[in-house]
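This report refers to the structure that appears directly beneath it.
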Amino acid sequence: MQLPVLLLALAAASAGAQPAVYVLDPAHSFVHFEVLHFGTSTSRGRFGPVSGAVTLDRVAGRGEVGLRIPTATVDTGLPVFNARLREADLLASAEYPEAFFVARNFRFEGQILADVRGEFTLRGVSQPLSLFARRFACRSDDGGEVCGGDFEGELLRSEFGATYGLPFVADRVRLVVQVEGRRR
Amino acid sequence: MNKLIVAAACAVVVTGVQADGGNYALDPTHTFVTFEVTHFGTSTNRARFDKKEGVVQFDRAARSGRVEITIDMASINSGVPPFDGHLRSKDILNVGEFPTAKFVGDKFSFSGDQVTAVAGTLTMMGKTHPVTLKANRFNCYLNPMFKREVCGGDFETVIQRSQWGVNYGLPTVAPDNVRLLVQVEAVKQ
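Shown next as structure tokens:
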């Protein structure tokens, strides 16, 4: 194929790729966290399903996302831990039932999303948070297009005022985020 | 809250084996198996088994050990109840017929006094195959609540689920490779 024809084909293929809105799939959209316990083993928990929408313009390399994370859904597999996590010195779920991630700074490598930089709000405190894509893909099925991936980031919980158990349970918390969204 | 912590601590001690120096009781509040498997090549599904029990014999000086962990397969928890139901069904884990899985690890590898791997067998759905859990982290510490030594760490391995007959959705919905992440802590008895 000659170059001008190839370019024309690419242009045609991407003609449908204007900004598209993807609504998160509640069966595949969760925020997991990992935190080190007594410097020995990693305790894990899960929030979700998280809700929200992502706008992607894969050709222009832009996007934005707004996620709502219901903090009372925290699930570690231990009801006692879940209840402790919801208390005022950790998630403060009664006063702040939702955490939020809002980002408009998307970086693409080609048409693959590489990282998302924005702001995370927990316990009413907002701090910058970057999420790095470990995996990103789009696929199509009978219901249309689905895009999603795995994202990771880190925060210091003390910066949000969630201080119980320091330093036996570490300050550094790793976030592992699964998202899939179906095109609206 | 303190009452709850004490209750959890007592539960750990009570469920532990009564024995001499080298025996450790699994701390069920810091022992979990989580699996990760990709979904249509797009994102990673995670689920955790909430109920398990087991015993550990561990001799750091002799650099030896043995661990037995039994997993209640019906306790699977992905956060998506219909997915959990499907995982329990005959399509996938068939927990009605095979309610438990068991890992027996009897070959402990060390670097100095740190455990680096535990090799053994995983029995699931009536099939037994070798599995080696690699230690990403290992440590022993004096737990201030239990006033006892606790040893534990983070272990992982990748298994091919088809070896145990878990073939649903291969290879499009989910691949054969499943990553197992194991958090474990055990309290010296």
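Those protein sequence lines, which keep their order, are chains W and G. Residue numbers for the first sequence follow the working numbering, beginning at 1 and rising by one. Residue numbers for the second sequence follow the working numbering, beginning at 1001 and rising by one. The C-beta atom is built at its ideal place from N, Cα and C for all residues, glycine as well.
Taking residue i as the reference, give the member of the options with the closest Cα.
i          : options                                           : result
LEU91(W)   : VAL177(W), GLY45(W) and GLU145(W)                 : GLY45(W)
THR1100(G) : ASN1077(G), VAL1187(G) and MET1125(G)             : MET1125(G)
ARG1148(G) : VAL1187(G), GLY1105(G) and PRO1130(G)             : VAL1187(G)
GLU197(W)  : PHE1035(G), SER1043(G), HIS1129(G) and VAL1033(G) : The requested residue 197(W) is not part of the displayed model; chain W covers only 1 to 184.
VAL21(W)   : CYS147(W), ASP141(W), ASP89(W) and VAL31(W)       : CYS147(W)
GLU159(W)  : LEU129(W), ASP141(W) and GLY77(W)                 : LEU129(W)
GLY165(W)  : SER140(W), ASP89(W), VAL177(W) and ALA99(W)       : ASP89(W)
PHE208(W)  : ARG183(W), ARG182(W), PRO167(W) and VAL176(W)     : This structure does not reach residue 208(W), given that chain W is present from 1 up to 184, and the question cannot be answered.
PHE1138(G) : HIS1039(G), ARG1046(G) and VAL1118(G)             : VAL1118(G)
LEU1087(G) : THR1029(G), GLN1189(G), LEU1142(G) and VAL1037(G) : VAL1037(G)
LEU36(W)   : ARG184(W), PRO167(W) and ILE112(W)                : PRO167(W)
ILE69(W)   : PHE100(W), LEU155(W) and GLN127(W)                : PHE100(W)
PHE1146(G) : GLU1185(G), TRP1164(G), GLY1065(G) and PRO1171(G) : GLU1185(G)
Using a cut-off of 9 Å between C-beta atoms, extract the partners of residue i located in chain G.
i         : result
ASP40(W)  : The question names Asp, but residue 40(W) is Thr in the sequence shown. Near THR40(W) (Cβ distances below 9 Å), the residues of chain G are HIS1030, ARG1137, PHE1138, ASN1139, CYS1140, TYR1141, VAL1150, CYS1151, GLY1152, GLY1153, ASP1154 and GLU1185.
VAL169(W) : In chain order: nothing, as chain G lies at least about 11 Å away.
Give a yes or no on whether the C-beta atoms belonging to residue i and residue j are separated by under 9 Å.
i          : j          : result
ARG86(W)   : PRO19(W)   : no
ASP1027(G) : VAL1150(G) : yes
PHE151(W)  : ALA137(W)  : no
PRO49(W)   : GLY1041(G) : no
PHE47(W)   : VAL74(W)   : yes
TYR1168(G) : ILE1092(G) : yes
VAL173(W)  : PHE38(W)   : no
ASP1154(G) : THR42(W)   : yes
VAL1104(G) : THR1132(G) : no
GLY143(W)  : ARG182(W)  : yes
ASN1077(G) : PHE1049(G) : yes
ASN1177(G) : ILE1159(G) : yes
Going along chain G, which residues have a C-beta under 7 Å from residue i?
i         : result
LEU78(W)  : THR1029
PHE108(W) : The premise fails here: PHE108(W) is roughly 17 Å from chain G at the closest Cβ pair, so nothing lies under 7 Å.
SER43(W)  : HIS1030 and GLN1183
VAL23(W)  : Neighbours of VAL23(W) on chain G: none; closest Cβ ~15 Å, over 7 Å.
At a CB-CB cut-off below 9 Å, which residues of chain W make contact with residue i?
i          : result
ASN1077(G) : ARG46, ASP75 and GLY77
LYS1111(G) : The question names Lys, but residue 1111(G) is Ser in the sequence shown. Those within 9 Å of SER1111(G) in chain W number zero; the least Cβ separation is about 17 Å.
Anything in chain W within Cβ reach of residue i, meaning under 7 Å, just list it in chain order.
i          : result
PHE1040(G) : ARG139
THR1034(G) : ARG44
Looking at chain W, which residues of the region 1045 to 1074 of chain G have a Cβ within less than 9 Å of any of its Cβ atoms? Within the region 1045 to 1074 of chain G, the qualifying residues are ASN1045, ARG1046, ARG1048, PHE1049, ASP1050 and LYS1051.
Along the chain, which unbroken stretches of the alpha helix (DSSP H) at least 4 residues long are found entirely within the region 54 to 141 of chain W? DSSP runs (the alpha helix (DSSP H)) wholly in the region 54 to 141 of chain W: 79 to 85.
Segments assigned beta strand (DSSP E), at least 3 residues, entirely inside the region 1024 to 1051 of chain G: Runs found: 1032 to 1039 and 1043 to 1049.
So if I threshold CB-CB distances at 7 Å, which residues from the region 1158 to 1180 of chain G count as touching chain W? From the region 1158 to 1180 of chain G, no residue has a Cβ closer than 7 Å to chain W.
Mind pulling the beta strand (DSSP E) runs of 3 or more residues that sit fully within the region 137 to 176 of chain W? With a minimum length of 3 residues, the continuous beta strand (DSSP E) runs that stay inside the region 137 to 176 of chain W are 144 to 156.
Output, in sequence order along the chain, the residues in the region 139 to 167 of chain W whose CB is closer than 8 Å to any CB in chain G. Cβ contacts with chain G come from ARG139, VAL146, CYS147, GLY148, GLY149 and ASP150.
Any C-beta of chain W within less than 7 Å: which residues of the region 1079 to 1103 of chain G qualify? Cβ contacts with chain W: GLY1079, VAL1080 and PHE1083.
Runs of beta strand (DSSP E) wholly within the region 1144 to 1171 of chain G (minimum 3 residues, chain order): Counting whole runs of 3 or more residues, the region 1144 to 1171 of chain G contains the beta strand (DSSP E) stretches 1148 to 1160.
Let me know the alpha helix (DSSP H) ranges lying completely inside the region 1054 to 1115 of chain G, each 4 residues or longer, listed in chain order. The alpha helix (DSSP H) runs lying completely inside the region 1054 to 1115 of chain G and spanning 4 residues or more are 1081 to 1088, given in chain order.
Residues of the region 25 to 38 of chain W with a CB closer than 7 Å to any CB of chain G: list them in chain order, please. Along the region 25 to 38 of chain W, going in chain order, the ones with a CB nearer than 7 Å to a CB of chain G are ALA27, HIS28, PHE30, HIS32, HIS37 and PHE38.
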